[in-house]
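Here is the structure we will look at.
There are 4 protein chains.
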Amino acid sequence: MSGGSASATPEMVAHVLTLRCIDEPGIVAAVSQTILSQAANITDSAQYAHERSGTFTLRMELDVPAGAGSRLDVRLREELARFDPLLSLRRRDRLRRVVIMVSKADHCLWDLLYHWRSGDLPVEIVAVVGNHDALRTLVEPHGIPFHLLPVTPETRSEQEARLRGIVVETGADFIVLARYMQILSDDFCSRYPGRIINIHHSFLPGFKGAKPYHQAYDRGVKLIGATAHYVTGDLDEGPIIEQNVVRVSHRQLEDDLVRTGRDVERRVLTRAVRLHAEDRVMLTGHRTVVFD
Amino acid sequence: MSGGSASATPEMVAHVLTLRCIDEPGIVAAVSQTILSQAANITDSAQYAHERSGTFTLRMELDVPAGAGSRLDVRLREELARFDPLLSLRRRDRLRRVVIMVSKADHCLWDLLYHWRSGDLPVEIVAVVGNHDALRTLVEPHGIPFHLLPVTPETRSEQEARLRGIVVETGADFIVLARYMQILSDDFCSRYPGRIINIHHSFLPGFKGAKPYHQAYDRGVKLIGATAHYVTGDLDEGPIIEQNVVRVSHRQLEDDLVRTGRDVERRVLTRAVRLHAEDRVMLTGHRTVVFD
Amino acid sequence: MSGGSASATPEMVAHVLTLRCIDEPGIVAAVSQTILSQAANITDSAQYAHERSGTFTLRMELDVPAGAGSRLDVRLREELARFDPLLSLRRRDRLRRVVIMVSKADHCLWDLLYHWRSGDLPVEIVAVVGNHDALRTLVEPHGIPFHLLPVTPETRSEQEARLRGIVVETGADFIVLARYMQILSDDFCSRYPGRIINIHHSFLPGFKGAKPYHQAYDRGVKLIGATAHYVTGDLDEGPIIEQNVVRVSHRQLEDDLVRTGRDVERRVLTRAVRLHAEDRVMLTGHRTVVFD
Amino acid sequence: MSGGSASATPEMVAHVLTLRCIDEPGIVAAVSQTILSQAANITDSAQYAHERSGTFTLRMELDVPAGAGSRLDVRLREELARFDPLLSLRRRDRLRRVVIMVSKADHCLWDLLYHWRSGDLPVEIVAVVGNHDALRTLVEPHGIPFHLLPVTPETRSEQEARLRGIVVETGADFIVLARYMQILSDDFCSRYPGRIINIHHSFLPGFKGAKPYHQAYDRGVKLIGATAHYVTGDLDEGPIIEQNVVRVSHRQLEDDLVRTGRDVERRVLTRAVRLHAEDRVMLTGHRTVVFD
Numbered sequence: 002m003s004g005g006s007a008s009a010t011p012e013m014v015a016h017v018l019t020l021r022c023i024d025e026p027g028i029v030a031a032v033s034q035t036i037l038s039q040a041a042n043i044t045d046s047a048q049y050a051h052e053r054s055g056t057f058t059l060r061m062e063l064d065v066p067a068g069a070g071s072r073l074d075v076r077l078r079e080e081l082a083r084f085d086p087l088l089s090l091r092r093r094d095r096l097r098r099v100v101i102m103v104s105k106a107d108h109c110l111w112d113l114l115y116h117w118r119s120g121d122l123p124v125e126i127v128a129v130v131g132n133h134d135a136l137r138t139l140v141e142p143h144g145i146p147f148h149l150l151p152v153t154p155e156t157r158s159e160q161e162a163r164l165r166g167i168v169v170e171t172g173a174d175f176i177v178l179a180r181y182m183q184i185l186s187d188d189f190c191s192r193y194p195g196r197i198i199n200i201h202h203s204f205l206p207g208f209k210g211a212k213p214y215h216q217a218y219d220r221g222v223k224l225i226g227a228t229a230h231y232v233t234g235d236l237d238e239g240p241i242i243e244q245n246v247v248r249v250s251h252r253q254l255e256d257d258l259v260r261t262g263r264d265v266e267r268r269v270l271t272r273a274v275r276l277h278a279e280d281r282v283m284l285t286g287h288r289t290v291v292f293d
Numbered sequence: 002m003s004g005g006s007a008s009a010t011p012e013m014v015a016h017v018l019t020l021r022c023i024d025e026p027g028i029v030a031a032v033s034q035t036i037l038s039q040a041a042n043i044t045d046s047a048q049y050a051h052e053r054s055g056t057f058t059l060r061m062e063l064d065v066p067a068g069a070g071s072r073l074d075v076r077l078r079e080e081l082a083r084f085d086p087l088l089s090l091r092r093r094d095r096l097r098r099v100v101i102m103v104s105k106a107d108h109c110l111w112d113l114l115y116h117w118r119s120g121d122l123p124v125e126i127v128a129v130v131g132n133h134d135a136l137r138t139l140v141e142p143h144g145i146p147f148h149l150l151p152v153t154p155e156t157r158s159e160q161e162a163r164l165r166g167i168v169v170e171t172g173a174d175f176i177v178l179a180r181y182m183q184i185l186s187d188d189f190c191s192r193y194p195g196r197i198i199n200i201h202h203s204f205l206p207g208f209k210g211a212k213p214y215h216q217a218y219d220r221g222v223k224l225i226g227a228t229a230h231y232v233t234g235d236l237d238e239g240p241i242i243e244q245n246v247v248r249v250s251h252r253q254l255e256d257d258l259v260r261t262g263r264d265v266e267r268r269v270l271t272r273a274v275r276l277h278a279e280d281r282v283m284l285t286g287h288r289t290v291v292f293d
Numbered sequence: 002m003s004g005g006s007a008s009a010t011p012e013m014v015a016h017v018l019t020l021r022c023i024d025e026p027g028i029v030a031a032v033s034q035t036i037l038s039q040a041a042n043i044t045d046s047a048q049y050a051h052e053r054s055g056t057f058t059l060r061m062e063l064d065v066p067a068g069a070g071s072r073l074d075v076r077l078r079e080e081l082a083r084f085d086p087l088l089s090l091r092r093r094d095r096l097r098r099v100v101i102m103v104s105k106a107d108h109c110l111w112d113l114l115y116h117w118r119s120g121d122l123p124v125e126i127v128a129v130v131g132n133h134d135a136l137r138t139l140v141e142p143h144g145i146p147f148h149l150l151p152v153t154p155e156t157r158s159e160q161e162a163r164l165r166g167i168v169v170e171t172g173a174d175f176i177v178l179a180r181y182m183q184i185l186s187d188d189f190c191s192r193y194p195g196r197i198i199n200i201h202h203s204f205l206p207g208f209k210g211a212k213p214y215h216q217a218y219d220r221g222v223k224l225i226g227a228t229a230h231y232v233t234g235d236l237d238e239g240p241i242i243e244q245n246v247v248r249v250s251h252r253q254l255e256d257d258l259v260r261t262g263r264d265v266e267r268r269v270l271t272r273a274v275r276l277h278a279e280d281r282v283m284l285t286g287h288r289t290v291v292f293d
Numbered sequence: 002m003s004g005g006s007a008s009a010t011p012e013m014v015a016h017v018l019t020l021r022c023i024d025e026p027g028i029v030a031a032v033s034q035t036i037l038s039q040a041a042n043i044t045d046s047a048q049y050a051h052e053r054s055g056t057f058t059l060r061m062e063l064d065v066p067a068g069a070g071s072r073l074d075v076r077l078r079e080e081l082a083r084f085d086p087l088l089s090l091r092r093r094d095r096l097r098r099v100v101i102m103v104s105k106a107d108h109c110l111w112d113l114l115y116h117w118r119s120g121d122l123p124v125e126i127v128a129v130v131g132n133h134d135a136l137r138t139l140v141e142p143h144g145i146p147f148h149l150l151p152v153t154p155e156t157r158s159e160q161e162a163r164l165r166g167i168v169v170e171t172g173a174d175f176i177v178l179a180r181y182m183q184i185l186s187d188d189f190c191s192r193y194p195g196r197i198i199n200i201h202h203s204f205l206p207g208f209k210g211a212k213p214y215h216q217a218y219d220r221g222v223k224l225i226g227a228t229a230h231y232v233t234g235d236l237d238e239g240p241i242i243e244q245n246v247v248r249v250s251h252r253q254l255e256d257d258l259v260r261t262g263r264d265v266e267r268r269v270l271t272r273a274v275r276l277h278a279e280d281r282v283m284l285t286g287h288r289t290v291v292f293d
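Chains as they are written, first to last, in my numbering: chain A, 2 to 293; chain B, 2 to 293; chain C, 2 to 293; chain D, 2 to 293.
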């Protein structure tokens, strides 16, 4: 992306546009014509037409004259109406709001907080929710509210209702499960399609479920990994956003795999959160298109 | 890119368009409007506006109605005249023609031949030129002409003239130095800016010049690499197209580094040749923009 | 490994020793004392004591006075008798003999032949067996016998018997399935435990069985891989020797994944074959210890 | 390393032995015999004989009967006296003591603190020294003393004397420069050969000195990296302990390279510190042998 778009001149405001629709001729022409007609300028653009499903996805970064954003949004929807698109135009300085959920493991939360604090992660962390109290002291010094929501089979419904309340009150755009160990109900997940990101500590589709490092040790794999994916009703089956692996040796027992794996988990999750927050991940069926 | 563009329907022909000009508003609109007006369809698109230099680069894959290619080329040049662009529109089935130059080492040539034969490398290998005869038997069974041009300080000019002749006769688009060990003169290089690709067996800018693996051994680096770059007058200084590294251990002496390095060299060179052949590499000053 | 061991002085001959036994105190002392007593010298050594199973594995490279090899072998077995070890002492210039099995895909065979020819792969390729004739012309010019053994459900037993015959006649130490597409019977596999290496074109344990690249595409993984493993009765379940992955993008459809995957397959298989040929892979239960 | 050595039974205490001497026959025999004679057990072993320089290096992990450590140390020195070795035998629970030096950048310190706190990094952080006060609040909550030693050309000598005092008082084994931006004098460096680790934010030998990310941007490299090395009198020339790289794209300007680079820096430095703290790095001339 162009260097200038993140810090546009005073009269121009950096925006990001995403679009998904059925692939037909003329989409890019209509989009760019409309942008030009509003005196806006495209600073970056990426697209993908998935022949198999006939789906077209587009992501553009634009500099828009101050005050012209709403009008551009309206005009785009008018000009593209015939394509019936899913369209989003957002000022880049209006950061995506995220609720982070944790249990006891702190490495993913730690890495997200570090990158957020240093400006690498363009999000607004509006709340951290934990089913344990252990990580409160990591969070509150940053001025972020910490909510303790312990969960048992009996209290799950009630706690999920409170969680939905937090999402509404904070205006959260998405939820990140940062090694949160409780299962969220189908009901909960179905309310936020493409809006809940989980980190699973294996390289999917291998080693789903519990104790993936122990499974990995038993299988004697030479690389272990982590996978960030959108949460669906099926455990560890959702569309993959990002994955990575690291080499391990025969010397490493399960404990050591857990340690080594933690560094991959936090790198993968932080990257997935950044990609999502920058509107770079487009869901197409059960897969994701990532414009990076 | 869309899967279908490489094997377009009989009425539509896959093309690739590249463009470079000064960055101004309206370029993408003008391009896409023109494409639409010729009943062509954009199947893939990537662009980059380099704020620093004010340069705009674009690469698009298009399906163009059979027979409409020339007309589209003309219309694009007309509509974009005010941007004074460097523009190229090529049918994707008109493969880029390459002359490969070799000495005695065969690993890079071997890998290029393999990938070309199996359809991975969209080039037409119009000739192989060697300053030794060693690799003739690798080449001729494929029906590719092999030219022996031995070089000494006295015969260099004359041989370069013959080489230029081969480039002209074969209609070569570019030249690949596949571990070709002779230095090409400034005069020769200056005739083919952005059209000669060399593989240097180190991770530039480290270890320029001779015996880079010996230099790497002495320095005790933990990773060795290879770099594919466009050739300029300055040895090993040209714009980098692609690089990669591989981990090495203290156990590996120079011989072993040479062996390990060969696999990186051929991977990097083959990749760089593919990128160039697919018009994915845009020269911007001393750097390259790679749309991959 | 020490640089000198591959090219020992005329009076000293490079050997490799491997050993596996129950872990008890005194093994290394007994081994090194015996080596010293025969005027041999250890040039490299690696070991691993697997607490879980109580198994001890060791690999040493030694320079042994010419003519003293057999005596050292006898003395080692005497001195280590109380540990009841699996022990092997081999001159490094007595290369492991391999039978390579192929179908139609040539990329793995090509890479093995290339590395063997250039001295990187310390094996003696005693035969190539194919269930198709397609790759004969790749093999015979190297002076390697090619055996055509087509297989149908009716002829499987008979062809496996002929294959066993080839293994016996050539004195093959191990078999490499280089994208050989026929299933070998349990009976066949059980005769060669730890002596048949297969390359599976996925990153196990994901995507076992047929069409792994199609499975990978459907799952939308961001990395694809290949796995080299010892063959057991269970398909794709054998102990893993080596694996690697490569990043892919949403642009790549199945065809493209197959192409990209081929390069990982050949790298992984060639590496696994080298590791095995150099006695660097020690089977411990269902896992491997790799001394590299 | 063997699983059991980190948590030996009450009667056995885990130790690590390192040794460097001229390569001659009989070293391993003498070492293992001595170990056996003291009823100790080797749980892991790695060695390297560097033919070029005739140097032999060894690292072993041992379980030693409680109370027998000193006697084993004495016996080893006696039995190996003829080899005149550099020898070290250390209980693994006597952690190496480190002084960390910082300026304003916090990412490396943050990562070291995190890994130390979670038990991944077997060191005792005895002090953090900064030439700025900025990172005091990151350090003191962990109960680690923070010393502010601002440096100007006039006060350098005096501050280095104070720093030497801190090293003596804390009994520090080594010093880590975690993006510490002041140059240490030759005099200071020469007092601690092989005991000062620096992280340079480039992949050496490329881009030495100041602003390596800006240099990297100008050269248009496709991978950026970081290098951890022992500090010598020559800036950025010391023996390399560990390096790694990450891929970057044309989109990334200097700011973005700095951000991306920070993650490589901290990973490389943390790894180098762990390797050093576990006695896995053996200096041989200007290079390092790393037993990992």
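Backbone N, C-alpha and C define an ideal beta-carbon position, used for all residues, glycine too.
DSSP, read as helix, strand or coil, puts GLU62(D) in strand. When DSSP states are grouped into helix, strand and coil, SER89(C) belongs to the strand group.
Interface with chain A (7 Å Cβ-Cβ cutoff): VAL274(C) is excluded. Of the residues PRO154(D), PRO66(D) and ASP24(D), the one whose Cα lies closest to the Cα of TYR49(D) is ASP24(D). Closest in alpha carbon position to LEU77(B), among SER33(B), THR44(B) and HIS108(B), is SER33(B).
Interface annotation for the stretch 255-268 of chain C against chain B: ARG260, criterion Cβ-Cβ distance under 7 Å. For the C-beta of GLN244(C), the chain A residues within less than 7 Å are, from N- to C-terminus, VAL222, LYS223 and LEU224.
Think of a sphere of 8 Å around the beta carbon of ASP45(A): the chain B residues whose beta carbon falls inside it are GLN48, TYR49 and ALA50, in chain order. Inter-residue distance for ARG163(A) and SER46(B) is about 45 Å (C-alpha atoms, whole angstroms).
Excluding residues up to 5 positions away in sequence, GLU62, ARG91, ARG93 and ASP280 lie with their Cβ nearer than 6 Å to the Cβ of VAL17(D) in the same chain. The way I'd put it, the stretch 121-135 of chain B does touch the stretch 163-173 of chain B; three or more beta-carbon pairs between them come closer than 8 Å. Across the structure, ILE197(C) and TYR193(B) are spaced so that their CA atoms are roughly 51 Å apart. In the displayed model, VAL265(C) falls within a helix according to three-state DSSP. Assigned with DSSP and collapsed to three states, GLY226(D) falls in strand.
For ASN42(A), a Cβ of chain B is located within less than 7 Å of the residue's own Cβ. At a beta-carbon threshold of 8 Å, none of the residues of chain D lie near VAL249(C); the nearest stands roughly 14 Å away.
For ASP121(B), the residues of chain C that pass the 7 Å Cβ criterion are ARG260, in the order they occur in the chain. Secondary structure at GLN183(B): coil, using DSSP grouped into helix, strand and coil. Between the beta-carbon of HIS230(A) and that of HIS201(A) there is about 7 Å, and that keeps the pair under the 8 Å contact cut.
When CB distances to chain D are screened at a threshold of 7 Å, the residues of the stretch 102-126 of chain A falling below it are TRP111, TYR115 and ASP121, in chain order. Classified as exposed, ASP134(C) has fewer than 16 neighbouring CB atoms from the shown chains inside 10 Å of its CB.
Ranking VAL177(A), VAL259(A), ALA179(A) and VAL246(A) by CA distance to the CA of GLN216(A) puts VAL259(A) first. According to DSSP, residue pairing for GLN34(D) in a beta bridge does not occur. Residue state for SER71(C) is assigned as helix, using DSSP reduced to three classes.
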